[in-house]
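Have a look at the structure below before the remarks.
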Amino acid sequence: MLLRHGRTEWNGSHRFQGHTDIPLDDVGVQQARRAADRLASLAPARITASDLSRAVGTAEPLARRAGLEVVTDPALRETHGGRWEGLFDTQLREDPQYLEWSTGADVPAGGAETRTQVADRAAPAVLRQAEGLDRSSVLVVVTHGGTIRCVIGRLLELPVDRWRSLGGLANGCWSVVEQGRHGWRLTEHNAGSLPEPVLGDDR
0 MLLRHGRTEW NGSHRFQGHT DIPLDDVGVQ QARRAADRLA SLAPARITAS
50 DLSRAVGTAE PLARRAGLEV VTDPALRETH GGRWEGLFDT QLREDPQYLE
100 WSTGADVPAG GAETRTQVAD RAAPAVLRQA EGLDRSSVLV VVTHGGTIRC
150 VIGRLLELPV DRWRSLGGLA NGCWSVVEQG RHGWRLTEHN AGSLPEPVLG
200 DDR
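Residue numbering for the sequence shown is 0 to 202, as defined by numbering that gives the first Met the number 0.
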């Protein structure tokens, strides 16, 4: 399960965050608590998070409920946005490279990091945390919207120009990927309620 962190003041004001360490705002704290209330019933076996405070602050309420420690990993950080970090959406749209990036092109965000580079560091980090868990166990990875899209795209083996077909995630919502007989598959996306078992022949 890939859980996006709760809201920050920069999310609310439409600023590019990237690696800048912005904490949860009051709404984000409530979103983290709400996610913990819902996801604790899944009895996660392991919780890992980006080392940025907005991800750790989202992971901690669930970890307390589950009786687990949060394992942090900087490989799970958001896309490094270089010169874009801290800029408002209106400012970003004046940059032709941002307009290209926003269409899904694999160009460096703010001159810093491409989507494939994010996937190169984050997808292996998710797989490392999944090692040793059986397929019925729940791993919760608390990270960032852009990182989640890159991880899912890589696990599903989608071409990078198709990763944008995965819609964005709201703050405090999650996506569920699972490994089946024929590889990884996406079973829920941008969810805010507990996953339901899939019944029928499409397993």
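Each residue gets a CB set at the ideal place from its N, CA and C atoms; glycine is no exception.
Supposed close pair L67, I46 - CB separation, criterion 8 Å: As a working note, residue 67 is residue 68 in the sequence shown. As a working note, residue 46 is residue 47 in the sequence shown. Correct: roughly 5 Å between the Cβ atoms.
contact_flag[the stretch 117-128, the stretch 69-84] where n(CB pairs < 8 Å) is 3 or more: The stretch 117-128, when compared against the stretch 69-84, does touch it at the 8 Å Cβ threshold.
Alpha-carbon spacing of L1 relative to Q16, whole angstroms: Numbered from its first residue, the sequence shown carries residue 1 at position 2. Numbered from its first residue, the sequence shown carries residue 16 at position 17. A direct Cα-Cα distance of roughly 19 Å separates L1 from Q16.
Sequence-distant residues of its chain with Cβ nearer than 6 Å to G171 (five each side left out): Here residue 171 is taken as the residue at index 172 of the sequence shown, counted from 1. G5, Q30, A34, listed in sequence order.
Span separating the alpha-carbon of R3 from that of G27: Here the question's residue 3 lines up with position 4 in the sequence shown. Here the question's residue 27 lines up with position 28 in the sequence shown. Approximately 11 Å, taken between the alpha carbons.
Rounded C-alpha distance that separates T205 from R14: No answer is possible for residue 205: it lies beyond the span of the chain, which begins at 0 and ends at 202.
Backbone CA spacing between A143 and G166 [nearest angstrom]: As a working note, residue 143 is residue 144 in the sequence shown. As a working note, residue 166 is residue 167 in the sequence shown. Going by the sequence as given, residue 143 is His instead of Ala. Rounded to the nearest whole angstrom, the C-alpha separation of H143 and G166 is 14 Å.
G85 vs G109 beta-carbon contact at 7 Å: Here residue 85 refers to the residue found at position 86 of the sequence shown. Here residue 109 refers to the residue found at position 110 of the sequence shown. Going by C-beta atoms, G85 is not nearer than 7 Å to G109.
Reference S40; option with closest CA among S136, A104, R184, D88: Mapped onto the sequence shown, residue 40 falls at position 41. For the set S136, A104, R184, D88, the Cα lying nearest the Cα of S40 is the one of S136.
Assigned exposure category for D133 - 16 Cβ within 10 Å defines buried: Taking the sequence shown and counting its residues from 1, one reaches residue 133 at position 134. By the neighbour-count rule (16 or more Cβ atoms within 10 Å), D133 is not buried but exposed.
Identity of the residues DSSP links to I46 by a beta bridge: Here residue 46 refers to the residue found at position 47 when the sequence shown is read from its first residue. According to the DSSP secondary-structure assignment, I46 is paired through a beta bridge with V69, V139.
Proximity to D20 [Cα-Cα], best of S12, D36, V55: Numbered from 1 along the sequence shown, position 21 holds the residue referred to as residue 20. Ranking the options by Cα distance to D20, first place goes to V55.
Cβ pair count under 8 Å reaching 3, the stretch 98-117 against the stretch 140-159: Taking a contact to require three or more Cβ pairs closer than 8 Å, the stretch 98-117 and the stretch 140-159 qualify as touching.
Identified DSSP bridge partners for T19: Walking along the sequence shown from the start, residue 19 turns up at place 20. Partner(s): none; T19 has no beta bridge.
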